[in-house]
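Novice: Okay, handing you the structure first.
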Amino acid sequence: INLHNLYIYSSLKNETQYQRNFNKKCEKKFCNIIGTIRMHRLYLANSLYDHNYHRFGYTSCIPILINGNQILPCHAGVPYIPNIYKTYKKLSHTFTTADHNILNKEDTAGISKSPLSWFSNSYFHIVNESFFSDISPNNELFITEKTYKPIFHTIPFIVNGCAGTLAYLRKRGFETFPEIFNENYDKEPNAEKRMHLIIQEIKKACGDPNLHQKVYSCQKKLIHNKNLLLDQYNACLLYTSDAADEEDSVD
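Just remember that the working numbering sits 215 ahead of the position in the sequence shown, which is counted from 1.
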């Protein structure tokens with residue numbers, strides 16, 4: 216248990232009251248929260264757009280400012296877009312602006328607002344993690360609240376991130392979703408090949424006539440994952456509380 220995990224859990228704690236209606240027929244197949252632009256996030260969105268798959272999901276993105284300071288640095292070893300500004304402009308009409316005040320809300324009032332409401336009206340979530348590279352040091356596993364957000368919202372997910380993310384989650388007791396995706400993409404160290412596999416699985420899921428039933432059948436593991444995350448969050452709180460008590464006793 217570490218402070219990084221505590222930060223992740225604390226940033227999501229106000230979303231724990233969310234309850235998914237598994238019987239609901241969703242309007243969209245996926246939810247894709249890009250947030251701040253990184254190359255691999257825009258690459259995936261562009262590939263879905265070029266094959267007309269963007270229409271199956273919700274996609275949000277923070278607008279690019281004129282000086283470009285809303286684009287995070289691109290790391291070597293990431294699938295490449297020749298002109299990121301031109302690609303953003305091409306896709307911008309498909310984006311809904313992500314409101315950070317809603318995504319990182321301080322209370323539960325925003326739970327019914329987009330883009331958080333998209334979780335309840337789509338079948339799976341595309342996790343756009345911070346890193347994707349296959350070149351050190353940016354190929355090291357680094358999991359943020361982006362991966363844990365769909366767990367809190369009890370929605371299956373596919374990870375647009377570093378290889379080994381799913382393996383790490385399973386090692387910690389979480390269950391993943393081979394019923395919906397071929398999860399071999401998580402084992403692919405080559406970034407370009409991994410991206411191709413991820414896009415392929417998203418397209419396949421969008422065209423799956425049994426997607427609703429598959430998500431319905433996952434509800435036990437989705438609830439298990441959320442409960443496990445809540446247990447780990449509570450353990451973090453207990454750990455930090457005990458540490459604070461020990462420090463006070465020393466003083």
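Yeah, the Cβ is synthetic: ideal placement off N, Cα and C, and Gly gets one too.
1. Run through the region 244-282 for me and flag every whole beta strand (DSSP E) of 3 or more residues, listed as ranges in chain order.
2. Quick one: what does DSSP say residue 363 is sitting in, helix, strand or coil?
3. For the 8 Å Cβ check, are there 3 or more pairs between the region 331-349 and the region 246-256?
4. Report the option in 308, 367, 304 and 310 whose CA atom is closest to the CA atom of residue 447.
5. DSSP three-state call for residue 320: helix, strand or coil?
6. Using a Cβ-Cβ cutoff of less than 7 Å, which residues in the same chain neighbour residue 258 once the five nearest sequence positions on both sides are dropped?
7. For residue 442, which three-state DSSP category applies?
8. Taking only the alpha-carbon atoms, compute the straight-line gap between residue 362 and residue 279 and give it to the nearest angstrom.
9. By how many angstroms is the C-alpha of residue 405 removed from the C-alpha of residue 160?
10. With respect to the alpha helix (DSSP H) encompassing residue 414, which residues constitute its N-terminal and C-terminal limits?
11. Can you look up residue 337 in the DSSP assignment and give me helix, strand or coil?
12. Assuming the contact rule is C-beta atoms closer than 8 Å, residue 436 and residue 398 should be a hit. Round their C-beta distance to whole Å, please.
13. Put residue 309 into one of helix, strand or coil per three-state DSSP.
14. Measuring alpha carbon to alpha carbon, tell me which of 378, 364, 370 and 336 ends up nearest residue 356.
15. Using a Cβ-Cβ cut-off of 8 Å (strictly less than) and excluding sequence neighbours within five positions of residue 244, which residues of its own chain qualify?
16. Which same chain residues end up closer than 6 Å to residue 396 when comparing Cβ atoms and leaving out the 5 residues on each side of it in sequence?
17. Round the Cβ separation of residue 400 and residue 413 to the nearest angstrom and send it over; I've been treating them as touching at under 8 Å.
Specialist: Straight from the coordinates:
1. Segments of the beta strand (DSSP E) lying fully in the region 244-282: 272-276.
2. Residue state, collapsed to three classes: helix.
3. Touching, per the Cβ criterion.
4. Shortest Cα-Cα distance from residue 447 to any of 308, 367, 304 and 310 involves 367.
5. Confidence is the limiting factor: at residue 320 the pLDDT is only 49, short of 50, which leaves the residue's position unreliable, though a coordinate-based value still follows. Here residue 320 sits in coil by DSSP.
6. Only residues of its own chain outside the window of five on either side were considered, and among them 294, 296 and 410 have a CB closer than 7 Å to the CB of residue 258, listed in chain order.
7. Helix at residue 442.
8. Inter-residue distance for residue 362 and residue 279 is about 24 Å (C-alpha atoms, whole angstroms).
9. The chain is shown from 216 up to 466; residue 160 falls before or after that span and cannot be answered.
10. Counting along the chain, the alpha helix (DSSP H) containing residue 414 begins and ends at 406-421.
11. Strand at residue 337.
12. Rounded, the Cβ-Cβ distance is 14 Å, inconsistent with contact.
13. Helix at residue 309.
14. Residue 378 is the option with its Cα nearest to residue 356.
15. Residues 271, 272, 337, 338, 339, 420, 421 and 426 of the same chain have their beta carbon placed closer than 8 Å to that of residue 244, with the five preceding and five following residues left out of the count.
16. Answer for residue 396: 373 and 416, listed in chain order.
17. With a beta-carbon spacing of about 5 Å, residue 400 and residue 413 fall inside the 8 Å limit used to define contacts.
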